[in-house]
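S.K.: To convert, note that position 50 of the sequence shown is 51 in the numbering used here; the numbers rise steadily by one, no gaps. Let me give you the structure first, and then I'll get to my questions.
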Amino acid sequence: MDQLDPGFKPYTIRLAVILAIFLLQSGCDESSHPLDIPPGFPQPDFPSDNLPTRARIKLGEKLFHDKRLSLDSTISCISCHLPEKAFTDGRAKSIGIGGRMGKRNSPSILNAAYLNLVNKDGGVKKLDLQAIVPIEDENEMGISLLKVAERLADDPEYADMANEAYAQPLNPFVITRALASFVRTLYSGRSAYDRYLNGDTSALSPLALEGKRLFESQRLNCVACHRGFNLTDNTFENNGLYEHYEDKGRMLITADSSDLGKFRVPSLRNIAVTAPYMHDGSLPDLTSVLDHYEKSGKAPTSRQSEKIKPFQLEPQERAALIAFLFSLTDEAYEID
């Protein structure tokens, strides 16, 4: 698919176009996957019991918008994953039912099809099970998945869609797998940075190109963690945010004290529109993030990753690095 027109906005229209193209190309073969994978991206691995089809994606999208997935029917998946914010919500920590504050900053779900371990601590082993966490978390949607299935069981539209997609009633298996199928349609890989990588030498400004050089330099060592097509190595690192962590991070999953304060290295894609930053949303803007890494390099905490190196940015270098980070924004999901 060609580079998207800058005027292109609603992601629901984008998905419809993707599906229409797929049907034309596939002869309506429901067993194939209608995914618009960006140029240069690898093919995701799909579970054999949940290959994405048009019917499964359509069901998942409907569930993604349905507030009945929360205890008091006030919160849907899209409440914390807004397309115009690259499927984050702009809050330090997400707000769930009854105004309850969540435990962590809402992550983007773009390119989540490539995750082997899901969530900031890697506590979920596959995307097909991830929806259980927010649905059953008392601070998020606060309801058991079984009760969600019971609540929606009498909806004739859901009954028909579940039968078409999975040949079974709308049960917990269907709900979680359909949501995962929808999330597997959400890709981000058409930024100015991607256009540059794909041969458009005018896509990046001179300032952004200088920032790219700094980003890739041994001096800053950003690429030690933020590399590859998705600008993350998907490891779990302690980035020196705190000496003492209220949220234990990866240690909550492994019970290994060496994992204290380790969280998934996030993708830097769309970083300019996903503030605030860090697992707890404690850094409000990119300037604060750069301040943190300059400080961490000079005075590392005891458990901080050895990948973080000391550096000092001049004002022009800081402006260049921020210009490069802005070039990672994919405009396809922006909504006025």
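No residue lacks a Cβ here, since even glycine has one placed at the ideal position from N, Cα and C.
#1: Go ahead and pull the three-state DSSP assignment for Thr-89.
#2: Mark Met-279 as exposed unless 16 or more other C-beta atoms lie within 10 angstroms of its C-beta, in which case mark it buried.
#3: Expressed to the nearest angstrom, what Euclidean distance is found between the alpha-carbon atoms of Phe-237 and Met-252?
#4: Which of the three DSSP states, helix, strand or coil, is assigned to Leu-329?
#5: Only counting the same chain, and skipping five residues up and downstream in sequence, which positions put a Cβ closer than 6 Å to that of Pro-40?
#6: For Thr-288, count the other beta carbons within 10 Å of its own beta carbon; 16 or more makes it buried, fewer makes it exposed. Which is it?
#7: To test your reading of the DSSP string, which unbroken alpha helix (DSSP H) runs of 4 or more residues are found completely within the region 110-181?
#8: Report the partner residues of Lys-263 according to the DSSP bridge assignment.
#9: Report yes if the C-beta distance between Phe-88 and Ala-209 is below 8 Å; otherwise report no.
#10: Does the distance from the C-beta atom of Ala-163 to that of Leu-60 stay below 8 Å?
#11: What residue range is occupied by the uninterrupted alpha helix (DSSP H) comprising Asp-195?
#12: Let's test the definition: count the other Cβ atoms within 10 Å of the Cβ of Thr-54 and tell me whether it reaches 16, buried, or not, exposed.
#13: Taking the continuous alpha helix (DSSP H) assigned at Asp-292, which residues delimit it?
#14: Ordered along the chain, which non-local residues of its own chain (more than five positions away) have a Cβ less than 7 Å from that of Gln-313?
#15: Grab me the residues of Pro-43's own chain with a C-beta within less than 8 Å of its C-beta, minus the 5 sequence neighbours each way, in chain order.
#16: Which residue comes first and which comes last in the alpha helix (DSSP H) that contains Leu-215?
#17: In angstroms with no decimal places, state the Cα-to-Cα distance between Arg-191 and Asn-172.
#18: Please check the pair Lys-86 and Asp-248, which I expect to be a contact at CB under 8 Å, by giving their CB distance rounded to whole angstroms.
#19: So, is Glu-62 buried or exposed, given that buried needs 16 or more other C-beta atoms within 10 angstroms?
#20: Can you name, in chain order, every residue of its own chain whose Cβ lies under 7 Å from the Cβ of Lys-299, other than the five neighbours on each side?
#21: On a CA-only basis, which of Ala-225, Ile-176 and Leu-130 is nearest Arg-152? Give me that one, please.
#22: State buried or exposed for Asn-117, treating a residue as buried only when at least 16 other CB atoms are found within 10 Å of its CB.
#23: Can at least three beta-carbon pairs, one atom from the region 132-152 and one from the region 256-267, be found at a separation below 8 Å?
#24: Closest to Ile-98 by CA distance: which of Thr-302, His-82 and Glu-141 is it?
#25: Could you have a look at Glu-315 and say whether DSSP puts it in helix, strand or coil?
#26: Can you grab the Cα-Cα spacing for the pair Lys-68 / Thr-202, in whole Å?
#27: Got a sec? Which residues, its chain only, sit under 6 Å from Ile-58 by beta carbon, not counting five neighbours each side?
#28: Can you tell me whether His-66 is buried or exposed, with buried defined as 16 or more other CB within 10 angstroms of its CB?
#29: Could you tell me the distance, in whole angstroms, from the CA atom of His-245 to the CA atom of Arg-304?
#30: Looking only at DSSP bridge pairs, what is Tyr-278 linked to?
#31: Assuming contact is defined by CB atoms lying nearer than 8 Å, are Asn-271 and Thr-330 in contact in what I supplied?
#32: Taking its Cβ as the centre, do 16 or more other Cβ atoms sit within 10 Å of Lys-94, making it buried, or is it exposed?
#33: Count the other CB atoms within 10 Å of the CB of Ile-147; is the residue buried (16 or more) or exposed (fewer)?
#34: Mark Pro-316 as exposed unless 16 or more other C-beta atoms lie within 10 angstroms of its C-beta, in which case mark it buried.
#35: Enumerate in chain order the residues of its own chain whose CB-to-CB distance from Phe-327 is below 7 Å, with the five nearest sequence positions on each side excluded.
M.R.: Let me lay it out:
#1: strand
#2: buried
#3: 10 Å
#4: coil
#5: Asn-199
#6: exposed
#7: 133-137, 146-153 and 157-167
#8: Gly-250
#9: no
#10: yes
#11: 193-198
#12: buried
#13: 287-299
#14: Glu-295
#15: Tyr-115 and Phe-230
#16: 207-216
#17: 36 Å
#18: Contact flag wrong, Cβ pair sits at about 22 Å.
#19: buried
#20: Pro-311
#21: Ile-176
#22: exposed
#23: no
#24: Glu-141
#25: coil
#26: 45 Å
#27: Ser-182, Phe-183 and Thr-186
#28: exposed
#29: 10 Å
#30: Leu-284
#31: yes
#32: buried
#33: It is worth fixing the name first, because residue 147 is Leu in this sequence and not Ile. Exposed: under 16 other Cβ atoms inside 10 Å.
#34: exposed
#35: Ala-273
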